[in-house]
Every structure is written in C-alpha cells, then in structure tokens.
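Chains as they are written, first to last, in the numbering used here: chain F, 943 to 1279; chain C, 943 to 1279.
Number of protein chains: 2
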Amino acid sequence: MRSVTIRNVADLAGVSVATASRVLSGHPSTSEVARSAVNNAATALGFRPNAQARSLRKTSTQTIGLVLPDVRNPFFADLAHAVEQRARDFKYLTLFGNANEDAEQQDRYFDIMLTQRVDGLIAAPQGNLADLQAVLDSGVPTVFVDRVISDTTVPSVTPDNVTGVQEAVRHLTNLGHRRIGYIAGPQSTSTGRERLAAFQSALADTNADDDADLIFFGDFQAASGAAGAHHLLELPHPPTALLAADSLMSIGAIGVCNERGLAIGSDLAFVAYDDIEAFSLINPALTVIAHDVNAMGRLAVDLLTQVIAGETPESVILPSRLIVRGSTPSLPGGRTP
Amino acid sequence: MRSVTIRNVADLAGVSVATASRVLSGHPSTSEVARSAVNNAATALGFRPNAQARSLRKTSTQTIGLVLPDVRNPFFADLAHAVEQRARDFKYLTLFGNANEDAEQQDRYFDIMLTQRVDGLIAAPQGNLADLQAVLDSGVPTVFVDRVISDTTVPSVTPDNVTGVQEAVRHLTNLGHRRIGYIAGPQSTSTGRERLAAFQSALADTNADDDADLIFFGDFQAASGAAGAHHLLELPHPPTALLAADSLMSIGAIGVCNERGLAIGSDLAFVAYDDIEAFSLINPALTVIAHDVNAMGRLAVDLLTQVIAGETPESVILPSRLIVRGSTPSLPGGRTP
DNA sequence: GACACCCATGTAATCGTTTCCATGGAATCG
DNA sequence: CGATTCCATGGAAACGATTACATGGGTGTC
C-alpha cells in the first residue's frame, strides 16, 4: 500500500518532478500542455501530496494548535467550533488538544504542538509562567483566549470578568438577598481569580454578608459544583442565592438543588456563568452572565494571524453582561430572612 | 529563530547524528557515555525533534484522525473526549475535524486527514459510499462510530437504534398517548434512518396513529428541532407526546414548547435522545433514550488499533435503553384526547 | 541578423530525521 | 591464541516534497 508520490505523477505525465511540483502548486511558469498532462496524471493516480514532506521543506505547516481545558464544557465546545471555523477561512488546520483542566496534560499538549511545528498556538492556559516557559521560549506565535497568564506579553482575547459579576451581585442584593453563596473557579486560572475578586469587591459595596464561609472553591468541573452546593446549603446560615463561576459547576450545583427538593427561583435564587442553550430551557430559565463566545473565537484567530504576520496586536476584552431570567425572581420566597 | 536540530545536539555532544538519533529514540546499542552526553546536550539546547521529518522517514505519524459532525452537540463532545483520552493510552495524537453536519466539510476533512497521513481514522460519517470513496481507496485503517455507511466492510461501534426507540414508543402508548410526534434525523445518516424505521415499526405494533404528518424531518441541529416542534404543535390534531432523534433537536423543540407556554410533563410528554447532563436538570427531568458514550469512544479506538495491526475486528453494537423521568408522567394531563 | 529578454523545463540541493551498511575494537569461545 | 560474535559508532542513503540555479528555445527590438 505504498502511497503515490509526485515522482509517479511526473513519470506518468512524462515531465520532471520539478515541473510536476510547479503545476500542482500553481506556479505561473508552466505550459498548458504540461499542466494538463500533470493534472491528468495526478487525478488518474489519485495523488495526494504528503503534508509532512511539504512542511519539512517549507517553513510553515498551515496548522494552528488549540489547547482548551475541556471540550465537554459547552462554553469551550462553542469556542472550539468558533476558532476552527475562523481558522478555515485562513486555510489553517486546527490541531485540537483537550487538557482536561489539568496542568500536566496541558503541558503535554503544548509539547506535542511544538513538536508538530504548528504555525501558531491559541490556548486558554492554566497555571503559571513556568508551565508556559517552553512555549514562550520556542517563539511560536501565541494568543491566549478566555484565560491569561500574568507577566507575559502574549496578546489575548478575554471576557470582562468584572462587569457581569458586579451586575449579578447588585441584582441579587437589590432583590433583598444578603447571603449570596459563591462557587468559585480554581485560583490557578485568571478567570477564577478575577471573577472571585470582582465578587468580593462588588459585595463590599453592599450591605450583604461577606463571610468566608459563603465562598467555595471548585475546579470548573460539574462534580465540584455539586460539592459546593452541598457545602453552602448545609451551612448553619445557608445562602438564599447562589452564583457559580462557570457552566459545568452550575450544572452540578443545580443537580444538587433538585435532589434536595429546593426549587430554583422560589426557594433559592441562582445565577450561572455562560449563556448555555440548555440554561434557557430549565424551568424557570436561568439568569446568566453572558458573553459572546463566537466573537471570542474569531478574534483569537484574527489576532493570531496578526502575530504570525509579525505584528503585535492589542489585547481585546469583550463585554459581558447579566441576562435576567426566571431563576432570580423579584420576590424571593421561602427561606429568605 | 531557526530551531535546534539533531545535528546541533550531535555536535555539542561530540558524536554523530546517527548516535544522537539512537540515544534519543532509545535504541539499545548506545554506550553510557554517549547517552549522557547526548541527553545533556539535548536538554541544554532545548532540542525538540521535528515531527514532520520523523514521520517522513518512518511510515507512521502516531496520529489518528477523528471526524465528527458537530462538537457543539454534547453527545459528540463527550465522544470526542472519550476517543482522545483512549487514544492517549496508545500514544496517539488525535487530529480533530468538525464537519458541521455538512457532507462537503466532512469530505474536506477526510482529505486533510489523508494528506496528513494519519495512521488511522475514526468517523461518524454522513452521506453515501461515493463521499467516502477517497478514504476507502486510500486504504487507511478506518473505524466508524455512532453512524455507518452501508455496503462497506469498515468495522463500526454503533448504538442499538432500535431497542431504545421501541421502549419509548411502548412507554408512551402504555401511558395512553395515541398521537406521538417524531422529529427525525436526516435520512443521509444511518442513525437518522434506523431510528425512524424503529419508530415506525414500533408504532405499527400499537394502536397509535401513524399519520405521515406526525413525522418531521430535521437535521440534528437545534434550529430544526424548533422548526419541528412548531410544525407538529400547529397541526389540526397536534400530538400529545414528542420524541426527538438527538439532543440538539430536543433542545430546540423544548425551547419552542417553553415559548408557547406548553408545560412539559403536564401539557405534553417529551422523550429526548442522548442522556445529556443538562436534561436531568430540566424540571421535570427529561425521559431519555440513553447509551454509553464513553464505551463507544473507547471501543472505537480499540477497534482502530486492531485494524492498524492488520486484524479485522467484529463490529460492536452497544445497548441503548429508556430512562424514564418526569417528562413522561403516568397520567398525562391537559390536551390528551 | 544579433542581442537581450523571458519563460518553461530539468538537475540537484535541501528540509531533519531514521536506518542500512561498513568498520573497528572488545569480548567470547573452542 | 586465532576465529567468531557482538556492539557502539559514523557515513551516507533514504523519506517526498519545494526551489535555486542552469539551460535552451522562442520572441521582440534595433
């Protein structure tokens, strides 16, 4: 099953490999007769150029790497889709790596991406500068998306992690909530840190309680959202509203509320992060902090092409906003103090 | 920014490239002194072998291709995750392509995969034999997952598309439903065809209506589920129960029910396909036809490794079953005849 | 008609790695 | 001790494409 090479094509067409290569890659200096001979031979043999050989000779692989924490998180699935579609516009193939919210798996993927000599890299990174050192040292054009690593000059496309949380806290306190439970993301991520800081600072501007107890640290996965809901709802003074820092933890937390027979919207107010389609189906629909995933993915690719072209684009911060739905009704019933 | 090659490593270590290569790829015939010299030089220079050059020389790329219809479908996101994790066990890198439920994009990805000389290919294919011809001709080891193309000998891992649907129809008719609306998948997919056939044949065993009107043809995307719900609910004789052939169409359909103020579980019974986490959060939780996504992904990789090894493994059909939850209560209220 | 120019083509070098083959020294065996 | 085997090593040939350089024929200009 030896595959057919450009040499076979050239032989069948009766020309040299150089001419065959020129025809196949659209070089202008080719005659009509050579063109048709080579093209016919290529289709007759089912020739398919070997990408390895090509990228070995050229400097570029026409491939970008995308390292995300978890495809099963609908936010990242949407982001992956957006990046991939945009990359296609630039004729880039997207090499996708799923870090499983794990710094070690992430680093292994970075390693693979570099080994594969991707032309550029888009990542929602985890951990600190040390984990990224290999990537930064390699000099491969890189753009961060959603999350960033501090103390680097890597351009990024991130959501505004402050405004949405601020609006959510104000919204809840305006409704009369004074005990708001917060299920935080891991502090090894910029989104985890920034959203928590925004929550705490927004809280300080209100007369709501700021007990340390009301903050639970999760890891952006569903199970930790469930653990957080358990912990918070079993406090001596349980919260009357919950806010979770991503969609998977929201899913986990809501599952626990259902199990405990707590009706969201009446027994407990709930605000989720990310505007997942399924969240609008839950009855009552969830109030969410939303941002534009598609724009984020597109912009990340656009920035990356600029970096590859040698430019140094400005980082972009995309707005986020609160979408109020039924899970935070104006008159909280049940166990509100 | 020229990257460091094995020649630089060899020079620094004071050995030939051949020896350096042998040390770095763990060939037994190497001396202790050469090993340490080369390893030191490699780490000192931050050497990272060029995957293109390596795969050019070797026959294998240690890469498998995965072509799926849509990552944004949680079922396929889970499947992608399962495949990727299992592939890692075999030291394979997964090259991921998202066909967007579009035969043309799918074929472009197949083309890319072949150009990249993947060692094997896992696909949930769409369309007919002609679309796949290039892949089959190339002789690249292939396994189908979830969906198949008829008249091929490609091994596959598929769900049992009959039992779950049968159980769902029986369950609904036992509850007294006689008008069951079905939102079908595209007939260009095996899952779309088999599930529809199972629905029709199960219906024939009951005294429920089998009007052609009650079947709407969608495309496995959310928007078509919404269109299907609109169509079915506006029939002169609307159905009292809905069954949708995948999760995205279910999401679209449920959104429409909510908009129209139809309470699922009381005004309308609903059965969804695929046991998505979010479906158990909807209140009442959805009755679903479930199957084991993780097993499907793992088995697909296992089968592929067998094909790569030259064996011809048997295809596997994984069981599916009905999980009854609140969306199909025993006493349908409202508009039941 | 001579000269310059352009264009299609072929030869061969090149990309970075693996691996076949030859070599020479050490070890083993009768 | 001589012959054989073994092993670490280096030189060089592959893998399959692109492309710099050389070449020769055709065209245009004066």
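We treat Cβ as the ideally placed atom computed from N, Cα and C, and that holds for glycine.
In this text the structure is predicted, and so the values were computed from the model without any measurement.
Query	Result
Beta-carbon gap between F:T1036 and F:A1045 smaller than 7 Å	no
contact_flag[the stretch 1253-1273 of chain C, the stretch 1139-1154 of chain C] where n(CB pairs < 8 Å) is 3 or more	no
DSSP-derived helix/strand/coil call for F:R1121	coil
Between the CA atoms of F:R1137 and C:D953 - distance to the nearest angstrom	51 Å
Expected contact under 8 Å - CB spacing of F:R1121 and F:L1071 to nearest Å	Actually they do not touch by this definition, with Cβ atoms about 37 Å apart.
Three-state secondary structure (DSSP) of C:G1062	strand
Top-ranked residue by Cα proximity to F:D1088, from F:G1160, F:L1184 and F:F1017	F:F1017
Buried or exposed (CB count within 10 angstroms, at least 16 for buried), F:A1214	buried
7 Å Cβ cutoff, F:V1013 in contact with chain C	yes
Beta-carbon neighbours of F:I1224, restricted to chain C and to distances below 7 Å	L1223, I1224 and N1225
C:Q1129 classed as buried or exposed, judged by whether at least 16 other C-beta atoms fall within 10 angstroms	exposed
7 Å Cβ cutoff met for C:Q1004 and F:A993	no
Residue-level contact to chain F via CB, C:D953, 7 Å cutoff	no
For C:N1040: DSSP bridge partner residues	C:L1010
Within 7 Å of chain F by C-beta, residues of the stretch 1041-1062 of chain C in sequence order	I1054, L1056, T1057, Q1058 and R1059
Local Cβ density within 10 Å of C:S1203, reported as buried at 16 or more and exposed below that	The residue you asked about is not Ser; residue 1203 of chain C is Gly in the sequence shown. Per the 10 Å Cβ criterion, exposed.
Candidates C:G1118, C:R990 and C:V959, of which the one nearest F:R1050 by Cα	C:R990
Cβ-based neighbour list, C:V980, same chain, cut-off 6 Å, excluding 5 preceding and 5 following	A955, A962 and V965
Interface residues of chain C facing F:S963 [CB-CB closer than 7 Å]	In chain order: nothing, as chain C lies at least about 15 Å away.
Cβ distance (whole Å) where C:T1247 is taken to contact C:F1038 below 8 Å	With a Cβ gap of about 18 Å, C:T1247 and C:F1038 do not count as contacting.
CB contact check: F:L1035 to chain C, cutoff 7 Å	yes
Interface flag, C:D1093 vs chain F, CB-CB below 7 Å	no
Nearest residue (CA-CA) to F:P1101, options F:I1206, F:T1095 and F:L1260	F:L1260
Given 8 Å, three or more beta-carbon pairs between the stretch 1066-1086 of chain F and the stretch 1213-1227 of chain F	no
Listed by chain order, chain C residues near F:I1193 by CB distance under 8 Å	E1219, A1220 and L1223
Separation of F:S958 from F:E1026, as counted between CA atoms	37 Å
Distance between F:S1257 and C:A1187 (C-alpha atoms, nearest Å)	42 Å
Test: C:D1152 CB closer than 7 Å to a CB of chain F	no
For F:I1054, three-class secondary structure by DSSP	helix
Top-ranked residue by Cα proximity to F:I1091, from F:N1200, F:Y1034, F:N1015 and F:G1134	F:G1134
CB contact below 7 Å: F:G1170 versus chain C	no
CB contact check: F:M943 to chain C, cutoff 7 Å	In this prediction, F:M943 has a pLDDT of 49, which is less than 50 and means its spatial position is unreliable; what the coordinates show is noted afterwards. For F:M943, the answer is yes, since a Cβ of chain C falls inside 7 Å of its Cβ.
Integer Cβ distance of C:Q1163 from C:E1043, believed to fall under 8 Å	6 Å
Top-ranked residue by Cα proximity to F:D1368, from C:G1194, C:L987, C:A1237 and C:V1249	Here chain F has residues from 943 to 1279 only, and residue 1368 of chain F is not among them.
Beta-carbon spacing of F:L1190, F:G1123 below 7 Å	no
Cutoff 7 Å: F:Q994 Cβ touching any chain C Cβ	yes
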